[in-house]
Amino acid sequence: MPLLEMRDIVKEFPGVKALDGVSFTLDAGEFHSLVGENGAGKSTLMKVLSAVYPHGTYEGDILIDGSVRSFRGIRDSESAGVAIIFQELSLVKELTVGENIFLGQEPNRFGVIDWAELYHRASSLLRDLDLDLDPRVQAGSLGIGQQQLVEIAKALSKDARILVLDEPTAALTESEVETLFGILEKLRAKGVGMIYISHKLDEVFRLSDRITVLRDGRTVGTHAAAELSKDRVISAMVGREVGDIYPKPDHQYGDVAMRVSGLTVYDIDVADKKLVDNVSFEVRRGEVLGIAGLMGAGRSETLTAIFGGWQGRCDGQIEVDGIAKRFRSPKEAIAAGLGFVTEDRKRYGLLLDQTIIDNMTLASLKKVSGSFLTDRAKEAKAVSAQISSLRIKTPSAFTVAGTLSGGNQQKVVLGKWLLTEPKVLFLDEPTRGIDVGAKQEIYAEINRLAKQGLAIVLVSSELPELLGLSDRVVVLHEGRMSGEFSRQEATPEKVMAAATGQMI
Ligand SMILES: Nc1ncnc2c1ncn2[C@@H]1O[C@H](COP(=O)(O)OP(=O)(O)OP(=O)(O)O)[C@@H](O)[C@H]1O
Ligand SMILES: [Mg+2]
């Protein structure tokens, strides 16, 4: 008898049948991956399991150890041994790390929270995770990767028998990923069943016993991982052969669109600490410039500082179309023709409670110069064009952005910046959390934009993506430039050597 069985689950939202009869089983000690395109229904299925959508709001049955369960809420599913790490971070930023880990299950003595015990237990959980973190610091002060690991610690504190991980590695560094995988192996040995959702097929194949593919709210199939290949999984996900996902660039370069000289960015808290140190580069019209580097190399800080969004001190010169500029705010940068798809779509990119059309036209309405997009009809038409060219899966342009699947939210952010018709577009991890089929669309879009004469600066931690798209690659190591390569020269070995500081 399987540990978990989900039978014929149907879940509808207004205008969307998110799940249309999905069945799924999990054995004790099994590592079962759930894959599928953005909007396929993966997160929804897990929200049904964990009773974010309680019994009565879906059709079908959930069985644990062979008996039907009707959970009324997350508390019920948790006491039945289900723990879930959500795709979107859900820590309470104002509380400490320790308080977050034990939220709702605080150890107490004689009815009072036992703080000493709480922090003692939090410390030992964090130690098990190899996390050098003080459980007394505020969760909101941590970076995204660390917050994600705290979520994992929180799930582990519950001694779950069924652990659901929805895109847990999207914001982790390579060593954090290794730490996580080590923990998952230990849990597997203890008999915990794990459901793992990821767009990173390398991870999926490395860990899985079985793989289930979802498409449009239906199960395409469940197979032993050993019987599958990556190509087969990809074509099952998108329903067609995908072929080579990178476009063949044949860009014509024009004038220098943006030149950055001697950019130095200082830490916000520690005076004199340089996060970016004397970085200079230029990007031409029609060129895709890739910026490579490991986590912490200063890539996002470089883009943020140029864009006028850095809260601390920064020095250096910026020219756009040969004219010296200094942006005191992102608004000024937008007015001068810059656009920025940020890595953290929630932080700068998207208003979750607003519609797609309002989100997409936000940056272009704010544009000071030009009268692009003034009437609603024109606006709606432009937004519809983005929805179809980026293949955003949504009932309409008037759908609230927060109800879209994770990857589709990212596409809305991209569409929003494309509508500002920028001269220089910064893309920071533009395909994080995006499925292969949609990635291919976005790559083709980047290539098309470069062909039209847009200058593009791309940051990506996925080396194949960076090398597959860039005409030229600049490498940063600990805030300094440690290499520059043309498309022909840029091999993964050379770029990695520069990124790890072996070439200086
Ligand atoms: N609260 C909601 N209200 C309305 N529609 C929703 C809601 N949640 C999800 N949907 C819709 O249900 C479908 C499935 O979404 P889901 O989040 O399960 O996709 P996913 O497979 O997790 O995708 P991703 O890989 O992008 O995270 C999508 O079409 C989505 O827009
Ligand atoms: Mg999801």
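Note that the sequence shown covers residues 42 to 545 in our numbering. Quick reminder that beta carbons are idealized off the backbone N, C-alpha and C, glycines included.
Please give me, in chain order, every unbroken run of the alpha helix (DSSP H) with length at least 4 that falls completely inside the region 313-371. 340-347
Inter-residue spacing [alpha-carbon to alpha-carbon] between I50 and A81: In the sequence shown, the residue the question calls residue 50 occupies position 9. In the sequence shown, the residue the question calls residue 81 occupies position 40. Near 14 Å, if we compare the C-alpha coordinates of A81 and I50.
Look at the alpha carbon of R256 and the alpha carbon of G331, and state the distance between them as a whole number of angstroms. For the purposes of this step, residue 256 is taken as residue 215 along the sequence shown, with counting starting at 1. For the purposes of this step, residue 331 is taken as residue 290 along the sequence shown, with counting starting at 1. Cα-Cα distance, rounded: 33 Å.
Please name the residue in G363, K315, M336 and A333 whose C-alpha comes closest to that of A346. Position 305 of the sequence shown, counted from the first residue, corresponds to residue 346. Minimum Cα distance to A346 is reached at K315.
Can T444 be considered in contact with ligand 1, in the sense that its beta carbon sits closer than 7 Å to one or more heavy atoms? The residue given as residue 444 occupies position 403 in the sequence shown. True, at least one ligand heavy atom lies under 7 Å from that Cβ.
Under the assumption that A124 contacts L204 (Cβ atoms under 8 Å), give the Cβ distance between them as a whole number of angstroms. Start at 1 with the first residue of the sequence shown, and residue 124 comes out as number 83. Start at 1 with the first residue of the sequence shown, and residue 204 comes out as number 163. Contact holds; Cβ gap of about 5 Å.
Mind checking whether I398 and V424 have CB atoms under 8 Å apart? As a working note, residue 398 is residue 357 in the sequence shown. As a working note, residue 424 is residue 383 in the sequence shown. Yes, these two residues count as a Cβ contact at 8 Å.
Roughly how many angstroms lie between the CA atoms of K52 and K195, to the nearest whole one? The residue you call residue 52 lines up with position 11 of the sequence shown. The residue you call residue 195 lines up with position 154 of the sequence shown. The alpha-carbon atoms of K52 and K195 are separated by roughly 28 Å.
Given this structure, state the Cα-to-Cα distance separating F151 from S198, to the nearest angstrom. Residue 151 sits at position 110 when you count from the first residue of the sequence shown. Residue 198 sits at position 157 when you count from the first residue of the sequence shown. Distance between the alpha carbons of F151 and S198 is about 22 Å.
Report the rounded CA-to-CA distance for L170 versus L228, giving the unit in angstroms. Position 129 of the sequence shown, counting from 1, holds the residue named residue 170. Position 187 of the sequence shown, counting from 1, holds the residue named residue 228. Roughly 12 Å between the two C-alpha positions.
C-alpha distance - V57 paired with L86, whole-angstrom precision: For this step, residue 57 is matched to residue 16 along the sequence shown. For this step, residue 86 is matched to residue 45 along the sequence shown. Cα to Cα, V57 sits roughly 14 Å from L86.
When you measure from the CB of I343 to every non-hydrogen atom of ligand 1, does any distance come out below 7 Å? On the sequence shown, position 302 is the one that residue 343 refers to. What sits at residue 343 in the sequence shown is Thr, not Ile. Flag unset: Cβ of T343 not near ligand 1.
Specify the secondary structure class of Y160 as computed by DSSP and reduced to three states. Counting from one through the sequence shown, the residue named residue 160 turns up at place 119. Here Y160 sits in helix by DSSP.
Does DSSP put G223 in a helix, in a strand, or in coil? Locating residue 223 in the sequence shown gives position 182, where the first residue counts as 1. Helix, per DSSP.
Length of the line joining the Cα atoms of L130 and S302: The count along the sequence shown starts at 1 and reaches residue 130 at position 89. The count along the sequence shown starts at 1 and reaches residue 302 at position 261. L130 and S302: Cα-Cα distance of roughly 37 Å.
Reduced DSSP category for D207 - H, G, I as helix; E, B as strand; rest coil: Taking the first residue of the sequence shown as position 1, residue 207 is located at position 166. It is a strand residue.
Could you tell me the alpha carbon to alpha carbon distance between L190 and G349, rounded to whole angstroms? Working through the sequence shown from its first residue, we reach residue 190 at position 149. Working through the sequence shown from its first residue, we reach residue 349 at position 308. Approximately 30 Å between the Cα atoms of the pair.
Output needed for H73: all residues of its chain with C-beta closer than 6 Å, excluding positions within five of it in sequence on either side, in chain order. For this step, residue 73 is matched to residue 32 along the sequence shown. These residues qualify, in order along the chain: L67, I236 and R251.
Look up S501 in the DSSP assignment and say whether it is helix, strand or coil. For the purposes of this step, residue 501 is identified with residue 460 of the sequence shown, where counting begins at 1. Coil, per DSSP.
Taking 7 Å as the cut-off, is the beta-carbon of K83 closer than that to any non-hydrogen atom of ligand 2? In the sequence shown, the residue the question calls residue 83 occupies position 42. Yes.
Excluding five sequence neighbours on each side, which residues of the same chain lie with their C-beta closer than 7 Å to the C-beta of G77? Residue 77 sits at position 36 when you count from the first residue of the sequence shown. The residues are K83, V254, L255, R256 and M278.
For F54, count the other beta carbons within 10 Å of its own beta carbon; 16 or more makes it buried, fewer makes it exposed. Which is it? Within the sequence shown, numbered from 1, the residue matching residue 54 stands at position 13. Its Cβ having fewer than 16 others within 10 Å, F54 is exposed.
Would you kindly report the start and end of the unbroken alpha helix (DSSP H) that includes Y484? As a working note, residue 484 is residue 443 in the sequence shown. That run of the alpha helix (DSSP H) goes V477 to K492.
Grouping DSSP H, G and I as helix and E and B as strand, with all else coil, what is I126? By 1-based counting over the sequence shown, the position of residue 126 is 85. If DSSP states are grouped into helix, strand and coil, I126 belongs with the strands.
How long is the line joining the alpha carbons of S446 and Q128, rounded to whole angstroms? On the sequence shown, position 405 is the one that residue 446 refers to. On the sequence shown, position 87 is the one that residue 128 refers to. Taking the straight line from one Cα to the other gives about 10 Å.
Residue range of the unbroken beta strand (DSSP E) whose run includes A265: The residue given as residue 265 occupies position 224 in the sequence shown. Note, A265: beta strand (DSSP E), R259 to A265.
Is N141 helix, strand or coil when you go by DSSP? Locating residue 141 in the sequence shown gives position 100, counting from the first residue. Note: N141 maps to helix in three-state DSSP.
List the residues that DSSP assigns as beta-bridge partners of E53. Taking the first residue of the sequence shown as position 1, residue 53 is located at position 12. Partner(s): K58.
With C-beta atoms as the reference, is A496 less than 8 Å away from R326? The residue you call residue 496 lines up with position 455 of the sequence shown. The residue you call residue 326 lines up with position 285 of the sequence shown. In this structure, R326 lies closer than 8 Å to A496 by Cβ.
From I475, T472, S216 and M401, pick the residue whose C-alpha is nearest to that of T440; which is it? As a first step, residue 440 must be located in the sequence shown, where it is residue number 399. The candidate whose alpha carbon is nearest that of T440 is M401.
Quick one: residues in its chain with C-beta nearer than 7 Å to the C-beta of E482, no 5 flanking neighbours on either side, listed in chain order? Numbered from 1 along the sequence shown, position 441 holds the residue referred to as residue 482. These residues qualify, in order along the chain: L431 and R432.
If you count every other CB in all the chains shown that lies within 10 Å of the CB of P505, and 16 or more means buried, which is it? Here residue 505 refers to the residue found at position 464 when the sequence shown is read from its first residue. It is exposed - the Cβ of P505 has fewer than 16 other Cβ atoms within 10 Å.
With distance defined between alpha-carbon atoms, name the residue in Y94, I105, N79 and A59 nearest to M546. Only positions 42 to 545 of the chain appear in this structure, which leaves residue 546 out of reach.
Any 3 or more C-beta pairs closer than 8 Å across the region 306-313 and the region 362-375: no
Is the beta carbon of L174 sitting closer than 8 Å to the one on V218? Position 133 of the sequence shown, counted from the start, is the residue given in the question as residue 174. Position 177 of the sequence shown, counted from the start, is the residue given in the question as residue 218. No, the Cβ-Cβ distance between L174 and V218 is not below 8 Å.
So does the region 59-66 actually touch the region 258-273, counting three or more Cβ pairs closer than 8 Å? yes
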